[in-house]
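Quick note, the sequence shown lines up with residues 199 to 854 if you use our numbering.
Backbone N, C-alpha and C define an ideal beta-carbon position, used for all residues, glycine too.
Please read these numbers as outputs of a predicted model, since none were measured by experiment.
Report on the structure given below.
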Amino acid sequence: MSDDIQSTLHETRVFPPADDFVRQANVSGMDAYRALVDEAERDHAAFWARLARENIAWRKPFTRTLDDANAPFYKWFEDGELNVSWNCLDRHLDTQGDKTALIFEADDGTVTKVSYRELHARVCQFANALKAKKIAKGDRVIIYLPMSIEAVVAMQACARIGAIHSVVFGGFSARSLHERIIDTQACAVITADAQYRGGREMPLKPVVDESLAAGDCESVHTVIVYQRASGETPWNDGRDIWWHDAIAGQPAVCEPEWVSAEHPLFILYTSGSTGKPKGVQHSSGGYLLGAIMSMRWVFDYKPADVFWCTADVGWVTGHTYVTYGPLAVGATEVVFEGVPTWPDAGRFWKMIQDHKVTTFYTAPTAIRSLIKLGGDLPKQYDLSSLRLLGSVGEPINPEAWIWYYKVVGGERCPIVDTWWQTETGMHMISPLPGAIPAKPGSCTLPLPGIDAAIVNEAGEEVHDQHGGFLVIKKPFPSQLRTIWGNPERFQKGYFPAEMHGYYLAGDSAHRDEDGYFWIMGRIDDVLKVSGHRLGTMEIESALVAHTHVAEAAVVGRPHDIKGESIVAFVVLKGARPAEAEAAKKLIAELREWVSKELGPIAKPDEIRFGENLPKTRSGKIMRRLLRAIAQGQEITQDVSTLENPAILDQLKEVVR
Ligand code: WT7
Numbered sequence: 199m200s201d202d203i204q205s206t207l208h209e210t211r212v213f214p215p216a217d218d219f220v221r222q223a224n225v226s227g228m229d230a231y232r233a234l235v236d237e238a239e240r241d242h243a244a245f246w247a248r249l250a251r252e253n254i255a256w257r258k259p260f261t262r263t264l265d266d267a268n269a270p271f272y273k274w275f276e277d278g279e280l281n282v283s284w285n286c287l288d289r290h291l292d293t294q295g296d297k298t299a300l301i302f303e304a305d306d307g308t309v310t311k312v313s314y315r316e317l318h319a320r321v322c323q324f325a326n327a328l329k330a331k332k333i334a335k336g337d338r339v340i341i342y343l344p345m346s347i348e349a350v351v352a353m354q355a356c357a358r359i360g361a362i363h364s365v366v367f368g369g370f371s372a373r374s375l376h377e378r379i380i381d382t383q384a385c386a387v388i389t390a391d392a393q394y395r396g397g398r399e400m401p402l403k404p405v406v407d408e409s410l411a412a413g414d415c416e417s418v419h420t421v422i423v424y425q426r427a428s429g430e431t432p433w434n435d436g437r438d439i440w441w442h443d444a445i446a447g448q449p450a451v452c453e454p455e456w457v458s459a460e461h462p463l464f465i466l467y468t469s470g471s472t473g474k475p476k477g478v479q480h481s482s483g484g485y486l487l488g489a490i491m492s493m494r495w496v497f498d499y500k501p502a503d504v505f506w507c508t509a510d511v512g513w514v515t516g517h518t519y520v521t522y523g524p525l526a527v528g529a530t531e532v533v534f535e536g537v538p539t540w541p542d543a544g545r546f547w548k549m550i551q552d553h554k555v556t557t558f559y560t561a562p563t564a565i566r567s568l569i570k571l572g573g574d575l576p577k578q579y580d581l582s583s584l585r586l587l588g589s590v591g592e593p594i595n596p597e598a599w600i601w602y603y604k605v606v607g608g609e610r611c612p613i614v615d616t617w618w619q620t621e622t623g624m625h626m627i628s629p630l631p632g633a634i635p636a637k638p639g640s641c642t643l644p645l646p647g648i649d650a651a652i653v654n655e656a657g658e659e660v661h662d663q664h665g666g667f668l669v670i671k672k673p674f675p676s677q678l679r680t681i682w683g684n685p686e687r688f689q690k691g692y693f694p695a696e697m698h699g700y701y702l703a704g705d706s707a708h709r710d711e712d713g714y715f716w717i718m719g720r721i722d723d724v725l726k727v728s729g730h731r732l733g734t735m736e737i738e739s740a741l742v743a744h745t746h747v748a749e750a751a752v753v754g755r756p757h758d759i760k761g762e763s764i765v766a767f768v769v770l771k772g773a774r775p776a777e778a779e780a781a782k783k784l785i786a787e788l789r790e791w792v793s794k795e796l797g798p799i800a801k802p803d804e805i806r807f808g809e810n811l812p813k814t815r816s817g818k819i820m821r822r823l824l825r826a827i828a829q830g831q832e833i834t835q836d837v838s839t840l841e842n843p844a845i846l847d848q849l850k851e852v853v854r
C-alpha cells in the first residue's frame, strides 16, 4: 500500500450516547443495531424488501426484490410502481396536512412557512405547468435555481410527472451548465432572474442565456423563470416564460405519473478523474428507500423534530436531505437561502434558536470557518432545542468535532459523521446516534444492509489497522444505476475487474481495533475543497483552454478551513513573466478565467509557473512530487528520471 494511504490519525476518545438519548432512539442500543445488521446478513434482499414494504407507499407492490442478472446494472423492486412526490406529499395530507413542511429563510432573513397541504398544491400546480409545456415522463429538465421553496417545488414537480431533473448548482458557470444541457439533452431549464447570497445579488437567467447561445442546445424549448429579484432580465419571447405566468390558472391537483421503481428520478453531475463530469443516475424506489431509512436510522427522525440540512439542492446532500428524505418522512424542515457568515457568523446559531431546530446537519468546512470567525458566538444563542448534530462531505478533524460537540451541542447531542457520496444516494457509514459510540474523526460503522470493507489493489480484504480501498461488497437499493449516457464509464470506474464485483468508492480508509472506519481521502484525482468535489483534470482543461497556457497540473494542498486548497502548476506558451508584476497580473487573469469557465468554487488558490512539469519517462505527470512541492516539503522521492530537475526549483517559487 502506498504511503498516501497510511493513516496518521491517532484519536482515542470515545463518546457513547447519553442514556436518555438511547432510550428514545429509533435504533436503541448496540443490540438493536446488531439485530438489524444480522437480519441483513441472513438474507440481504429480504431485509431490504421488508423495509421497502414498510416504508414506501406502493401503487403496485413489487414481487421481485433484487435483479442481479445483469450486474453491476442492478435493479431493485423493478415491477413495483410508485411516485416519489406522492410519497413525499399526498400520503401526509390526511394525517398532517396542516403541519409545516418548509420553513424557508431567505438571505435577508424573511421567513415563509409552507404546510404540507400548501406544498402539495404548489407542486401540483407547477407539475401541471410543466405538462402544459409538453414536458412528460422521461424528459430531462435542468434546474438552475437558488435555494428556495421553488427549487423544492420544481424538483418534486418533475418527480410527480416522471420527468428526470438534473439540478445544476447556482455557482456553476455558463460553460458547466452548457455541458450538462447537452449531455442530458434537456427539453427545459428552470431558473430565476437572479439569486442572493450574503446580501449580494447575482444574475442567473443571463447565465442560462449565455449557455443556450453557445450552441447545440436545440433540445431546450422552454425556459421557466422564477422571479426572485427585480424581474429585469433579457427575454426570449418564444422560449422564456415567467414561473408566475406558467402556473396561472393551473389546477392545484395533479394525478401523479406512476412509474417503475427503476424509473430514473434524477441525474446529478459530479467530478471524477477525467475532464468531463459524470451524470450520476439515480432510481425512484431504491433511492427513496435509502432517503427514508437514513432519516430514521441516522437522523433518528421523530415527528416533533425541526430538521435542518444546510446543503444546497445543487448537491446530493440537498437532494436526499432537503428535497426528498425529510418530506418522505413528513418532517418540518428549514430551507436556507443565505450563507453562514452573513450578516455575521452567528447566522446559523440565530436560526437554530429562532426555528427551534432539533437536528442540524452541516459540513466540516462551515464548522471550521465559524470557529475561526467566532468560536464563542454560539454561547450567545439559545441552542437548547438541538438534540442531534451531523457532519458531511469530508473528514471532520477531531478539534472541530470536539468544538461542535461542546459549544454547539452542549455536550448533550450525539454527532453523526456521515460518510457517503453522490453515487450512494444515502448515508453508508455513520453512527446510529442512539446505538454506536462516536469517536471524533471516524464515521464509525456501516448502516444495516451496507456491506462495507477495505481491500488492497487485488480486491482482497485487508485487516484491521491497514489502509486500503473502501468498497461496498453487496448491492444496495440507493446506489447509482449508471452514468447517464456512459454505461462503460459506470462499469469500469465503479466495478473494475480486480474488485470482484465490489463497488469501488474512490476513497482510502482504514479500520481500527473496534472495526471503526476512518476515511483518509480520495484515491483518484478528485479534490475536496470546502466539501465540494472537484476533478483536477477539469481545472487543468479549463486552464489549458486559456490562450497563454500550454500545459497545467493541479493538485490539492491541506488547508485548515477548506480541507484542501487548489494549487496549479502552469507552463505558458511563451516565456515565464520576468517581472513579478506581470506574473501577478497573469495569475489574477488565470484565476478569473477558471472561475468563469467552471465557477468560483474551482478558482485556484495559488498558481506557479514553470518551463515544464515533472514527468516520468512515459510522460505521466508526477503528481505526488507536485503535492510535495505545493506543501513546501523536502523532496525525498527519486527524481533521477526527470528530464530537467532544474524545473523543480522553478516550481517551488511562489509569486507574492
Ligand atoms: C466524497 C463524496 C456525501 C455527500 C456530499 C458529498 C468525501 C463525504 C465524508 C465523511 C470523510 C467524506 C469522500 C467521498 N466524504 N463524507 N463523513 N468523512 N469523507 O458528496 O461530493 O459525492 O463527495 O466526499 O471523499 O468519496 P460527494
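Hey, would you say the C-beta of THR734 is under 7 Å away from at least one heavy atom of the ligand WT7?
Within the sequence shown, numbered from 1, the residue matching residue 734 stands at position 536. THR734 Cβ: outside cutoff for every heavy atom of the ligand WT7.
So is the beta-carbon of PRO756 under 7 Å away from any non-hydrogen atom of the ligand WT7?
Working through the sequence shown from its first residue, we reach residue 756 at position 558. No.
Any C-beta of chain C under 8 Å from that of MET491:
Among the chains of the structure shown, chain C does not appear; only one protein chain is present.
Look at the Cβ atom of TRP601, then the Cβ atom of GLY573, and state whether they are nearer than 8 Å.
Within the sequence shown, residue 601 is the residue found at index 403, counting from 1. Within the sequence shown, residue 573 is the residue found at index 375, counting from 1. Yes, these two residues count as a Cβ contact at 8 Å.
Kindly examine the ligand WT7 and report whether one of its heavy atoms sits closer than 7 Å to the Cβ of PRO619.
If you number the sequence shown from 1, residue 619 lands on position 421. First, the amino acid is wrong: residue 619 is Gln here, not Pro. Yes, the beta carbon of GLN619 sits closer than 7 Å to at least one heavy atom of the ligand WT7.
Nearest CA to the CA of PRO756: which residue from LYS782, GLU711, GLU749 and ASP803?
Translated into the one-based positions of the sequence shown, residue 756 becomes position 558. Of the candidates LYS782, GLU711, GLU749 and ASP803, the one whose C-alpha sits nearest the C-alpha of PRO756 is ASP803.
Is LEU287 near LEU249, with beta carbons less than 8 Å apart?
As a first step, residue 287 is located in the sequence shown; it is residue number 89 there, counting from the start. As a first step, residue 249 is located in the sequence shown; it is residue number 51 there, counting from the start. The criterion of a C-beta distance shorter than 8 Å is not satisfied by LEU287 and LEU249.
DSSP three-state assignment for ALA800, whether helix, strand or coil:
Walking along the sequence shown from the start, residue 800 turns up at place 602. Reduced to three states, the DSSP call for ALA800 is helix.
My guess is that ALA751 and LEU811 are in contact by the Cβ rule of under 8 Å, so how many angstroms apart are they, rounded?
Locating residue 751 in the sequence shown gives position 553, where the first residue counts as 1. Locating residue 811 in the sequence shown gives position 613, where the first residue counts as 1. The pair is a contact, with the Cβ atoms about 5 Å apart (cut-off 8 Å).
So, is ASP217 buried or exposed, given that buried needs 16 or more other C-beta atoms within 10 angstroms?
Position 19 of the sequence shown, counting from 1, holds the residue named residue 217. Looking at its Cβ environment, which holds fewer than 16 other Cβ atoms inside 10 Å, ASP217 is exposed.
Just to confirm my understanding: we take ASP202, look at its own chain, exclude 5 residues before and 5 after, and list those with CB closer than 6 Å. What are they?
As a working note, residue 202 is residue 4 in the sequence shown. Its pLDDT being 38, under 50, ASP202 is placed unreliably in this model, and the coordinates cannot settle the point.
My parser needs the beta strand (DSSP E) runs of 3 or more residues fully inside the stretch 661 to 735; what are they?
666 to 670, 701 to 709, 715 to 720, 724 to 727 and 730 to 733
Any heavy atom of the ligand WT7 inside 7 Å of the beta-carbon of SER793?
Reading the sequence shown from its first residue, position 595 is the one you call residue 793. It does not: the Cβ of SER793 is nowhere closer than 7 Å to a heavy atom of the ligand WT7.
Whole-angstrom Cβ separation of LEU796 and SER364, contact assumed at under 8 Å?
The sequence position of residue 796 within the sequence shown is 598, counting from 1. The sequence position of residue 364 within the sequence shown is 166, counting from 1. In fact, because the Cβ distance is near 17 Å, the residues do not count as touching under 8 Å.
Give me the residue from GLY470, ARG398 and GLY369 with the minimum Cα distance to ILE721.
Here residue 721 refers to the residue found at position 523 when the sequence shown is read from its first residue. When each option's Cα is compared against that of ILE721, the closest is GLY470.
Does the ligand WT7 have a heavy atom nearer than 7 Å to the CB of ILE717?
Along the sequence shown, read from residue 1 onward, the residue named residue 717 stands at position 519. At least one heavy atom of the ligand WT7 is nearer than 7 Å to the Cβ of ILE717, so yes.
Would you say the beta carbon of THR261 comes nearer than 7 Å to a heavy atom of the ligand WT7?
Within the sequence shown, residue 261 is the residue found at index 63, counting from 1. No, the beta carbon of THR261 sits no closer than 7 Å to any heavy atom of the ligand WT7.
For a quick check, are the C-beta atoms of PHE546 and LEU525 less than 8 Å apart?
Within the sequence shown, residue 546 is the residue found at index 348, counting from 1. Within the sequence shown, residue 525 is the residue found at index 327, counting from 1. It is not a contact, given that the beta carbons lie outside the stated cut-off.
Please report the distance separating the alpha-carbon of PRO673 from that of LEU725.
Along the sequence shown, read from residue 1 onward, the residue named residue 673 stands at position 475. Along the sequence shown, read from residue 1 onward, the residue named residue 725 stands at position 527. Rounded to whole angstroms, PRO673 to LEU725 spans 26 Å at the Cα level.
Suppose contacts are defined by Cβ-Cβ distances below 8 Å. Is VAL504 in contact with VAL555 by that definition?
Along the sequence shown, one-based indexing puts residue 504 at 306. Along the sequence shown, one-based indexing puts residue 555 at 357. Remark: C-beta atoms of VAL504 and VAL555 approach each other more closely than 8 Å.
Would you decide whether GLY396 is buried or exposed? Buried here means 16 or more other CB atoms lie within 10 Å of its CB.
Taking the sequence shown and counting its residues from 1, the one referred to as residue 396 is at position 198. Classification for GLY396: exposed.
If you measure from the CB of GLU239, is any heavy atom of the ligand WT7 nearer than 7 Å?
In the sequence shown, residue 239 corresponds to position 41, counting from 1. Checking the Cβ of GLU239 against the ligand WT7 gives no.
Let me check one thing: in DSSP terms, what residues is ALA748 bridge-paired to?
By 1-based counting over the sequence shown, the position of residue 748 is 550. Per DSSP, none; premise fails for ALA748.
Please find out if some non-hydrogen atom of the ligand WT7 comes closer than 7 Å to the beta-carbon of PRO694.
Reading the sequence shown from its first residue, position 496 is the one you call residue 694. PRO694 Cβ: outside cutoff for every heavy atom of the ligand WT7.
Report yes if the CB atom of LYS273 is closer than 8 Å to the CB atom of GLU460, and no otherwise.
Here residue 273 is taken as the residue at index 75 of the sequence shown, counted from 1. Here residue 460 is taken as the residue at index 262 of the sequence shown, counted from 1. Against a cut-off of 8 Å, the Cβ pair of GLU460 and LYS273 comes out as a contact.
Can you give the Cα-Cα distance for GLY608 and PRO638, rounded to whole angstroms?
Locating residue 608 in the sequence shown gives position 410, counting from the first residue. Locating residue 638 in the sequence shown gives position 440, counting from the first residue. So the alpha carbons of these two residues sit roughly 16 Å apart.
Residue from ALA357, ALA650 and ARG320 with nearest C-alpha to ASP337:
Locating residue 337 in the sequence shown gives position 139, counting from the first residue. Nearest to ASP337 by alpha-carbon distance, out of ALA357, ALA650 and ARG320, is ALA357.
CB of GLU597 to nearest heavy atom of the ligand WT7: below 7 Å?
Locating residue 597 in the sequence shown gives position 399, where the first residue counts as 1. Outside the cutoff, so no.
Among LYS801, ALA427, TRP791 and CYS507, nearest to GLU399 - alpha-carbon criterion:
The residue given as residue 399 occupies position 201 in the sequence shown. If we check each option's Cα against that of GLU399, ALA427 comes out closest.
May I ask you to check if the CB of SER374 is nearer than 7 Å to at least one heavy atom of the ligand WT7?
Position 176 of the sequence shown, counting from 1, holds the residue named residue 374. No, the Cβ of SER374 stays beyond 7 Å of every heavy atom of the ligand WT7.
Element boundaries [beta strand (DSSP E), containing ILE465]:
The count along the sequence shown starts at 1 and reaches residue 465 at position 267. Boundaries of the beta strand (DSSP E) around ILE465: 464 to 468.
Just to check my reading of the structure: PRO675 and GLY484 have Cβ atoms closer than 8 Å, yes? What is that Cβ distance to the nearest angstrom?
One-based indexing of the sequence shown puts residue 675 at position 477. One-based indexing of the sequence shown puts residue 484 at position 286. Contact flag correct, Cβ pair sits at about 3 Å.
Name the DSSP beta bridge partners of PHE558, please?
Sequence index remark: in the sequence shown, residue 558 carries index 360 (1-based). BP columns for PHE558 point to TRP506 and LEU587.
I'd like the ranges of any alpha helix (DSSP H) spanning at least 4 consecutive residues and lying wholly in the stretch 332 to 384.
The stretch 332 to 384 contains these whole alpha helix (DSSP H) runs: 347 to 359 and 372 to 382.
Is PRO541 near the ligand WT7, judged by its Cβ being under 7 Å from some heavy atom?
Translated into positions along the sequence shown, residue 541 becomes position 343. Flag unset: Cβ of PRO541 not near the ligand WT7.
Would you kindly work out how many angstroms separate the C-alpha atoms of ILE333 and TRP256, rounded to a whole number?
Taking the sequence shown and counting its residues from 1, the one referred to as residue 333 is at position 135. Taking the sequence shown and counting its residues from 1, the one referred to as residue 256 is at position 58. Straight-line Cα distance between these residues: approximately 24 Å.
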